[in-house]
Amino acid sequence: MIRLPEDGSLPEALRRRGVFGQLSRSKFRPFEKGRILATHQKYREAINGANLLLMEWDESLASLAQGQADRCVFGPGNLFFLNGTNVGQNSVAVQGKLKPEEIVEIFQSQSSNYIYSTNSCRKGKNCEAYTQLIWYETNKVGCGQQFCDSLQFSDGTTEKQWWIYVCDYSPPGNYPEHPFFPSTYEACELCNLSPGTRCLRNQCKYCDPGLEPDCLHICVCFNEYSTRTDNIQLEITQ
1 MIRLPEDGSL PEALRRRGVF GQLSRSKFRP FEKGRILATH QKYREAINGA
51 NLLLMEWDES LASLAQGQAD RCVFGPGNLF FLNGTNVGQN SVAVQGKLKP
101 EEIVEIFQSQ SSNYIYSTNS CRKGKNCEAY TQLIWYETNK VGCGQQFCDS
151 LQFSDGTTEK QWWIYVCDYS PPGNYPEHPF FPSTYEACEL CNLSPGTRCL
201 RNQCKYCDPG LEPDCLHICV CFNEYSTRTD NIQLEITQ
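Numbering (the UniProt record's numbering), first residue to last: 1 to 238.
In structure tokens:
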């Protein structure tokens, strides 16, 4: 997470990285947003991970992603809100229009390039779009799309009449650690969301233990016989 100085100015090192906080209303229709989100959740559910958070759609992220798509520049960009909060980003550019779920399927297609044991991509392959897709901490996504009369690539080349699709994620992933922990017993076994947590579609979800019978109450309790603090899950029964 990067924060701007109190006066709101951009550090020069960040200023050189391009556009910040360019927002535009997402051009995806409501049902398309739902299909993008459902496809994200489907692939995260299939992992059967111990600590993946349930992902939700976020309109602020969608507006930031649309701002990047509107630029018709393929490559990382517009990665910060004006308050300095940074996001993760996946993008794809194609000549033809994609269905909403096909966008996510392209990110997922990199799964065969990822090696969990070494936490790395196969030699000469990319897998960062996949690891962002299934990053355990990432629980918000928003996407934008744009048809570009001229789409510019990082190498300076351009393509005429191409589509670009951009998805932004928060919190961002792809830090130097594993994108998730596999379950040794059951999905969500490492869920520890406060004040309560439940497992939905093999993913951890915030809940209110006072209102939901199947919500596990999470408290940080001090054990007088120990010098450490333990996380203890208490099931609330009605």
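Beta carbons: idealized from backbone N, C-alpha and C, even for Gly.
Pick helix, strand or coil for residue i, following the three-state DSSP scheme.
{"i": "Ser150", "result": "strand"}
{"i": "Phe74", "result": "strand"}
{"i": "Glu56", "result": "strand"}
{"i": "Thr131", "result": "helix"}
{"i": "residue 284", "result": "The shown model of the chain, from 1 to 238, leaves out residue 284, and the question about it has no answer."}
{"i": "Val141", "result": "strand"}
{"i": "Glu159", "result": "strand"}
{"i": "Leu216", "result": "strand"}
For residue i, count neighbouring C-beta atoms within 10 Å of its own C-beta (all shown protein chains included) and say buried if the count is 16 or more, exposed if not.
{"i": "Ile115", "result": "exposed"}
{"i": "Leu54", "result": "buried"}
{"i": "Arg198", "result": "buried"}
{"i": "Asn202", "result": "buried"}
{"i": "Gly34", "result": "exposed"}
{"i": "Phe81", "result": "buried"}
{"i": "Ser109", "result": "exposed"}
{"i": "Pro209", "result": "buried"}
{"i": "Ser112", "result": "exposed"}
Could you give the distance in angstroms between the alpha-carbon of residue i and the alpha-carbon of residue j?
{"i": "Lys207", "j": "Asn192", "result": "For the sequence presented, residue 207 should be read as Cys rather than Lys. Roughly 11 Å between the two C-alpha positions."}
{"i": "Gly49", "j": "Thr131", "result": "13 Å"}
{"i": "Ile164", "j": "Ala38", "result": "20 Å"}
{"i": "Asp214", "j": "Leu200", "result": "11 Å"}
{"i": "Pro195", "j": "Cys204", "result": "13 Å"}
{"i": "Cys188", "j": "Arg44", "result": "12 Å"}
{"i": "Gly75", "j": "Glu105", "result": "19 Å"}
{"i": "Trp135", "j": "His40", "result": "11 Å"}
{"i": "Ala69", "j": "Val166", "result": "6 Å"}
{"i": "Trp162", "j": "Asp58", "result": "26 Å"}
{"i": "Trp61", "j": "Gly77", "result": "For clarity, residue 61 is Leu in the given sequence; the question names Trp instead. Leu61 and Gly77: Cα-Cα distance of roughly 13 Å."}
{"i": "Val73", "j": "Thr118", "result": "33 Å"}
{"i": "Pro179", "j": "Arg122", "result": "16 Å"}
{"i": "Gln152", "j": "Val92", "result": "13 Å"}
{"i": "Lys42", "j": "Asn83", "result": "32 Å"}
{"i": "Ser24", "j": "Tyr185", "result": "44 Å"}
{"i": "Leu79", "j": "Asn139", "result": "17 Å"}
{"i": "Ala46", "j": "Ser150", "result": "38 Å"}
{"i": "Ser120", "j": "Glu128", "result": "9 Å"}
{"i": "Ile103", "j": "Glu32", "result": "11 Å"}
{"i": "Leu211", "j": "Glu101", "result": "34 Å"}
Name the DSSP beta bridge partners of residue i, please?
{"i": "Leu200", "result": "Gln203"}
{"i": "Val92", "result": "Tyr165"}
{"i": "Phe80", "result": "Asn86"}
{"i": "Ile115", "result": "Ser120"}
{"i": "Pro182", "result": "Gly49"}
Looking at the ligand GDP, does it come within less than 7 Å of residue i, judged from the CB to the closest heavy atom?
{"i": "Leu64", "result": "Among the components of this structure there are no ligands whatsoever, and the ligand GDP is therefore not found."}
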